[in-house]
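In what follows, a structure is listed as structure tokens, so that the remarks can point back to it.
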Amino acid sequence: MSRALARGAVVALLASVATLRPGRAAAQERTTVGGYGEVHYTNRTGPDTPGTVDLKRFVVYLAHTFNDQIAFRSELEVEDAKLEGAQPGGEVALEQAYLDYRLSDALTLRSGLILPPVGVINETHEPPTFNGVDRPAFDNDVIPTTWREIGVGAVGRAPGVEGVSYRVYLVNGLRSAGFSAADGIRGGRQEGREASFANPSFTGRLEWARPGLKLGGSFWYGGTADADPALGKGAFAAPITLLSADARYDVGAFLFRAVAASIWVSDAEAINTRYAAAVGSRIAGGYLEAAYNLLHALAPASSQTLNAFVRHERYDTQAAVPAGTARDETLARRITTFGLSYKPTYNTAFKGDYQLLRNKAGSGEADVLSLGIAYQF
Amino acid sequence: MIQAPPAKVAASIARLFGPHARVDTLHVDSAAVLRISAGDSLLGFAQVGSVIGKDQPITFLVAIDPANRLKDVDILVYREPYGGEVAYEAWRKQFRGKAAADPLQVGRDIRSISGATISVHAVTAGVRRMLTELTAWHESGAIR
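Top line first, the protein sequences correspond to chains A and B.
In this text, residue positions in the first sequence follow the numbering used here: the first is 15, and each later residue adds one.
In this text, residue positions in the second sequence follow the numbering used here: the first is 97, and each later residue adds one.
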């Protein structure tokens, strides 16, 4: 096709898009600012472990609406309050930065730095939305929250089937060079920083919602070899497959959450040989959480909430290991968290919790007391 | 001022009050209220409003019957990337039959939807405000 013809086709496509909704009033162009953040106090049991306080996250949400169809959205994050050369901790990073092109309720095209729609916390990670000072450890070690990669995709509500919505993206892949025994695929994220596109990967999610209930299923599939000849040069060389399911159910004063995920690292043996690692061939686990709003009975007229909650996480980043890799039983983690979340408004929270960090080997176990404040707007 | 597409407003009114209902626009304070009637009988009132979700206006319509009971809420235009579940009938129908004296509070008489918290709170607050206004105007005779 000649360039002029291609341009003509594009113009025709845009013109047809523009006339999908004739007669609609034009929206004003405008910029909006929001944000979220959290401050933590953490005290771990054991000798020589004084408490620490940390401005864990400070995130600025910046969005611009160009017209009724096109909007830009971004989140810029500062972790641990500041960055200083040669010191550990601290990060300034873009968590999201994408353009949405809205064609209808059923179809919005999205492109840029986006959040793979896996599990509950990765997309909805604002701290007043979850119980516990810190995110569930599962959403760090199994689902590598906040997971963001660059790509294109589509999101929308399924037409004609009320309650069903979807998201599907093609994004840059993970790099197995960063995989580890303890953190699974977490170190393999590229996070939009000069990312290799050697392994285009697919991710998506299907959701079904009713008042009080949301069910979701997510997937990720893609190679991780990054054109390393020891692992294969194909687009899908050294693939990983991730499947997860989640449920959130609120009834009366009770709130329940359940999330489970399993990740298959097909060529874990070759990855471990190549990078002298001990990556599991399967990474799996999940958690169950129940919360009860004490104010439901104590102050029925109040719009505030005081959730008492308990969460039990069980996961193993070496749920299976390939031949030649020794299994480390401290990685089979069992974490129980119980605490309180006081929310004077739905978007602010004061939290406290106590965690029992346990593992199958029974070594290196500890208890952790945490306090925190959280907001979003 | 966020505009609602007139065709969507008309479709919403026709769905709630029937295809042959007559619509007149009344002006109260700076608001425009739609008066819906058939022949000599009043069927109800409706108003279009918008609230801001995370960063986008959510445009919706609230309709009441002559006894000031909420007939229905319609989401006319939803522009946010998340939280579109507020347009589902299963969520909206919780408002039917509500009166201005009801709490209309998320977590009490209105159930939330996980992942749509901001939109759920914004729309609920907007509906509560509009139901209160329409009821007050109707009771005072500002609309009739």
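Idealized CB from N, CA, C, for every residue including glycine.
Would you kindly check if the distance between the Cβ of residue j and the Cβ of residue i is under 8 Å?
{"i": "G133 of chain A", "j": "S258 of chain A", "result": "yes"}
{"i": "K194 of chain B", "j": "L227 of chain B", "result": "yes"}
{"i": "L370 of chain A", "j": "I349 of chain A", "result": "yes"}
{"i": "S355 of chain A", "j": "V293 of chain A", "result": "no"}
{"i": "P141 of chain A", "j": "A388 of chain A", "result": "yes"}
{"i": "Y174 of chain B", "j": "D119 of chain A", "result": "yes"}
{"i": "L302 of chain A", "j": "L309 of chain A", "result": "no"}
{"i": "S88 of chain A", "j": "L97 of chain A", "result": "no"}
{"i": "L184 of chain A", "j": "G165 of chain A", "result": "yes"}
{"i": "V105 of chain B", "j": "V169 of chain B", "result": "no"}
{"i": "A284 of chain A", "j": "Y306 of chain A", "result": "no"}
{"i": "A186 of chain B", "j": "G177 of chain A", "result": "yes"}
{"i": "S280 of chain A", "j": "V335 of chain A", "result": "no"}
When the cut-off is 8 Å and only beta carbons count, does residue i lie next to chain A?
{"i": "S146 of chain B", "result": "no"}
{"i": "I154 of chain B", "result": "no"}
{"i": "A186 of chain B", "result": "yes"}
{"i": "G193 of chain B", "result": "no"}
{"i": "V169 of chain B", "result": "no"}
{"i": "R224 of chain B", "result": "no"}
{"i": "G140 of chain B", "result": "no"}
{"i": "P177 of chain B", "result": "yes"}
{"i": "T228 of chain B", "result": "no"}
{"i": "I109 of chain B", "result": "no"}
{"i": "E181 of chain B", "result": "yes"}
{"i": "S210 of chain B", "result": "yes"}
{"i": "H116 of chain B", "result": "no"}
{"i": "H234 of chain B", "result": "no"}
{"i": "T121 of chain B", "result": "no"}
Whole angstroms is fine: what's the gap from residue i's alpha carbon to residue j's?
{"i": "A363 of chain A", "j": "G49 of chain A", "result": "14 Å"}
{"i": "R118 of chain B", "j": "L69 of chain A", "result": "59 Å"}
{"i": "P101 of chain B", "j": "L172 of chain B", "result": "8 Å"}
{"i": "A197 of chain B", "j": "R224 of chain B", "result": "10 Å"}
{"i": "G206 of chain A", "j": "D240 of chain A", "result": "15 Å"}
{"i": "R347 of chain A", "j": "V147 of chain B", "result": "44 Å"}
{"i": "L117 of chain A", "j": "E208 of chain A", "result": "30 Å"}
{"i": "V124 of chain B", "j": "E235 of chain B", "result": "13 Å"}
{"i": "T46 of chain A", "j": "A127 of chain B", "result": "26 Å"}
{"i": "T351 of chain A", "j": "Y368 of chain A", "result": "6 Å"}
{"i": "V175 of chain A", "j": "T122 of chain A", "result": "17 Å"}
{"i": "R192 of chain B", "j": "E343 of chain A", "result": "55 Å"}
{"i": "L200 of chain B", "j": "G366 of chain A", "result": "30 Å"}
{"i": "V31 of chain A", "j": "P314 of chain A", "result": "Residue confidence for V31 of chain A is low, a pLDDT of 38 falling below 50, so the modelled location carries little weight; the figure read from the coordinates is stated next. Going from the Cα of V31 of chain A to the Cα of P314 of chain A covers about 50 Å."}
{"i": "P36 of chain A", "j": "A107 of chain B", "result": "Low per-residue confidence applies at P36 of chain A: pLDDT is 36, beneath 50, and the placement is therefore not dependable enough to give any value."}
{"i": "A212 of chain A", "j": "R219 of chain A", "result": "23 Å"}
{"i": "I128 of chain A", "j": "R44 of chain A", "result": "22 Å"}
Would residue i count as contacting chain B if we go by Cβ distances under 8 Å?
{"i": "A346 of chain A", "result": "no"}
{"i": "E176 of chain A", "result": "yes"}
{"i": "D153 of chain A", "result": "no"}
{"i": "G48 of chain A", "result": "yes"}
{"i": "Y306 of chain A", "result": "no"}
{"i": "A223 of chain A", "result": "yes"}
{"i": "S317 of chain A", "result": "yes"}
{"i": "R38 of chain A", "result": "In this predicted model, R38 of chain A has a pLDDT of only 43, less than 50, meaning its place in the structure is not dependable; the value taken from the coordinates is given anyway. Chain B contact via Cβ: present."}
Could you spell out where the alpha helix (DSSP H) holding residue i opens and where it closes?
{"i": "R288 of chain A", "result": "A282 to Y289"}
{"i": "T220 of chain B", "result": "T213 to S236"}
{"i": "V92 of chain B", "result": "Nothing about residue 92 of chain B can be read from this structure; chain B reaches only from 97 to 240."}
{"i": "N154 of chain A", "result": "F152 to D155"}
{"i": "A311 of chain A", "result": "L309 to L312"}
{"i": "W187 of chain B", "result": "E185 to R188"}
So the beta strand (DSSP E) residue i belongs to, where does it begin and stop?
{"i": "T255 of chain A", "result": "I254 to V265"}
{"i": "Q390 of chain A", "result": "A380 to Q390"}
{"i": "Y174 of chain B", "result": "From DSSP, Y174 of chain B is part of no beta strand (DSSP E); its letter is neither H nor E."}
{"i": "R171 of chain A", "result": "E163 to R171"}
{"i": "N57 of chain A", "result": "R44 to R58"}
{"i": "N321 of chain A", "result": "T319 to A334"}
{"i": "Y356 of chain A", "result": "A346 to T359"}
{"i": "S133 of chain B", "result": "A127 to A134"}
{"i": "H123 of chain B", "result": "R118 to V124"}
{"i": "P153 of chain B", "result": "P153 to I160"}
{"i": "D367 of chain A", "result": "T362 to N373"}
{"i": "E93 of chain A", "result": "I84 to E93"}
Can you find a CB in chain C that lies within less than 8 Å of the CB of residue i?
{"i": "S179 of chain A", "result": "Any reference to chain C falls outside this structure, whose protein chains are A and B."}
Pull up the CB-CB distance for residue i and residue j, whole angstroms please, since I reckon it's below 8 Å.
{"i": "G299 of chain A", "j": "R328 of chain A", "result": "5 Å"}
{"i": "V182 of chain B", "j": "V216 of chain B", "result": "6 Å"}
{"i": "P158 of chain A", "j": "T217 of chain A", "result": "Not quite, the Cβ-Cβ distance comes to about 12 Å (not below 8 Å), so this is no contact."}
{"i": "G65 of chain A", "j": "R124 of chain A", "result": "That belief does not hold up - the Cβ atoms of G65 of chain A and R124 of chain A are roughly 42 Å apart, past 8 Å."}
{"i": "A159 of chain B", "j": "L112 of chain B", "result": "5 Å"}
{"i": "D155 of chain A", "j": "D197 of chain A", "result": "6 Å"}
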